[in-house]
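Each remark here refers to the structure printed beneath this line.
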Amino acid sequence: MWHPAADDHELAQACVDVQAGRYHSAHAVLHDVRDDFATRAHRSLVLASMAADSDLAERGLAEAPGPDAALLWARVAMLRALRMADAADRRTASLIRIAEAACDQAARMAPEDPTPWVARLALARTRPVHDPAPRGMLTAPRGPWRLFSRALALDPWNREAHHRFLSFYFARHGGSASARWDVAEFLGNRAPAHSPLRLLPLVTLVEDYDPKADPFAIRAWRRPRWRALALDVYAHWFSEVPGYRFTPVLDLAYLAHALYLADCPAEACKVFTAMGPYASRMPWSAFGAPEDQLSRARRRCGLPVPP
């Protein structure tokens, strides 16, 4: 099942309501997790993806103003600006200004919530940002360090903030390989052993996968360094997953993928099983049709393919 809500059934129902033009349940499910920043970030992003092609977020903010309505609008404005930037649309600059203003409004209305700052951080890749890096990094890569710090001041191990910051250095956003790997190693190594942020170098490995440039690129996951990292995350983080409020499908997908390509089928099988019937298109879509890639991996791990 590819639905981004996975086993968050309240979110899934709110998505249905959003697609029907109703915003009240969207505000409610965000209100319910005001103190759970990881779930609030995920819910707001999923809801925004459902609302981005309508006026629902703007209407909800006008008719029922509050921190949750403001966050949904900020996320919608963020997604619209990023889409236009990726398409090199002439409206990009104005949409970025709208999105930044929406994020600032959401931050003022909920000063304890890091999510508006995470949304601002996501927008950073649309323009040059040259904050100096902290000491101790090999290449001292400049980037949106101040925005990153604002988010981490409110939630030190915020998942989305780390992934958004790393993505600033992706090649498709104009980043260099040296900076990208320096940041991935820095962020991954400083994360606690039981954190899914330890996966960040493996996320970067997927991002850099290019079989046209290297016909043997698929073998990278079997190198001792990456195999050891995948097994380390499996040993220290995977045991924490049963305590999660909802299944962390995307992080589990990256772990299962890394274990599968590292030729660790027993461990990959357990991760796939923990995902239940849910799946994410990444990282599989980086290697071909995601349905085919995921089905092949599950079969080779001795698992059936969910209908």
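Residue numbers (my numbering): 10 to 316.
Ideal Cβ positions, reconstructed from N, Cα and C, are used throughout, including at glycine.
Inset, instruction - Decide yes or no for the touch test of the region 55-68 against the region 11-28: beta carbon pairs closer than 8 Å, at least 3 of them. - result: yes
Inset, instruction - Reducing DSSP to helix, strand and coil, say where ASP113 ends up. - result: Taking the sequence shown and counting its residues from 1, the one referred to as residue 113 is at position 104. DSSP places ASP113 in helix when its eight states are reduced to three.
Legend entry - Which residues DSSP lists as bridging GLY152, in chain order: What you label residue 152 is simply residue 143 of the sequence shown in a count that begins at 1. DSSP output for GLY152 lists ASP140 as bridge partner(s).
Inset, instruction - In the DSSP assignment, find the unbroken alpha helix (DSSP H) run with THR282 in it and report its ends. - result: Here residue 282 refers to the residue found at position 273 when the sequence shown is read from its first residue. That run of the alpha helix (DSSP H) goes 274-284.
Legend entry - Secondary structure, alpha helix (DSSP H): runs of 4+ residues fully inside the region 209-277: 209-216, 233-245 and 258-270
Legend entry - VAL27, enclosing alpha helix (DSSP H) - first and last residue: For the purposes of this step, residue 27 is taken as residue 18 along the sequence shown, with counting starting at 1. That run of the alpha helix (DSSP H) goes 18-28.
Legend entry - Three-pair Cβ contact test at 8 Å for the region 156-171 versus the region 35-50: yes
Inset, instruction - May I have the straight-line CA-CA distance separating PHE157 from GLU109, to the nearest angstrom? - result: Along the sequence shown, one-based indexing puts residue 157 at 148. Along the sequence shown, one-based indexing puts residue 109 at 100. Going from the Cα of PHE157 to the Cα of GLU109 covers about 15 Å.
Inset, instruction - Could you check what DSSP says for VAL127 in three-state terms: helix, strand or coil? - result: Your numbering for residue 127 matches position 118 in the sequence shown. The answer is helix: DSSP assigns VAL127 an H, G or I state.
Legend entry - 9 Å Cβ cutoff met for THR135 and ARG84: The residue given as residue 135 occupies position 126 in the sequence shown. The residue given as residue 84 occupies position 75 in the sequence shown. The answer is no: Cβ separation not under 9 Å.
Inset, instruction - Return the chain-ordered list of same chain residues with a C-beta closer than 7 Å to the C-beta of SER289, the five sequence neighbours on each side being excluded. - result: Within the sequence shown, residue 289 is the residue found at index 280, counting from 1. The residues are VAL258, LEU259 and ALA262.
Inset, instruction - Under 7 Å Cβ to Cβ from ALA79, same chain only, skipping five residues before and after it: list those, please. - result: In the sequence shown, the residue the question calls residue 79 occupies position 70. If the five residues before and after ALA79 are omitted, its C-beta is found closer than 7 Å to the C-beta atoms of LEU70, GLN114, ALA115 and MET118, all from its own chain and listed in chain order.
Inset, instruction - Specify the secondary structure class of GLY197 as computed by DSSP and reduced to three states. - result: Here residue 197 refers to the residue found at position 188 when the sequence shown is read from its first residue. Three-state DSSP puts GLY197 in a helix.
Legend entry - Coarse secondary structure for GLY183, derived from DSSP in three states: For this step, residue 183 is matched to residue 174 along the sequence shown. Coil at GLY183, not helix or strand.
Inset, instruction - Taking ARG309 as the reference, give the member of PRO143, LEU270, ALA90 and ASP77 with the closest Cα. - result: Looking up residue 309 in the sequence shown gives position 300. Checked all of PRO143, LEU270, ALA90 and ASP77; the closest Cα to ARG309 is LEU270.
Legend entry - Buried versus exposed call for SER204 [16 or more other C-beta atoms within 10 Å across all chains shown]: Here the question's residue 204 lines up with position 195 in the sequence shown. Classification for SER204: buried.
Legend entry - Pair within 9 Å by beta-carbon distance, GLU194 and ALA295: Along the sequence shown, read from residue 1 onward, the residue named residue 194 stands at position 185. Along the sequence shown, read from residue 1 onward, the residue named residue 295 stands at position 286. The criterion of a C-beta distance shorter than 9 Å is not satisfied by GLU194 and ALA295.
Legend entry - 6 Å CB neighbourhood of GLU300 in its chain, flanking five on each side removed: Along the sequence shown, read from residue 1 onward, the residue named residue 300 stands at position 291. Nothing listed; no residue qualifies.
Inset, instruction - Let me know the secondary structure DSSP gives SER289 once reduced to three states. - result: Walking along the sequence shown from the start, residue 289 turns up at place 280. Coil at SER289, not helix or strand.
Legend entry - Whole runs of the alpha helix (DSSP H) within the region 54-81, excluding any shorter than 4 residues: Those alpha helix (DSSP H) runs which fall completely within the region 54-81 and span 4+ residues are 65-72.
Legend entry - DSSP-derived helix/strand/coil call for GLU121: Numbered from 1 along the sequence shown, position 112 holds the residue referred to as residue 121. Three-state result, GLU121: coil.
Inset, instruction - With a threshold of 16 other CB atoms inside 10 Å of the CB of ARG314, please say whether the residue is buried or exposed. - result: The residue labelled residue 314 in the question sits at position 305 within the sequence shown. With the sequence shown as reference, residue 314 is identified as Val, and Arg is not the correct amino acid for it. Counting the other CB atoms within 10 Å of its CB gives VAL314 a total below 16, which places it among the exposed residues.
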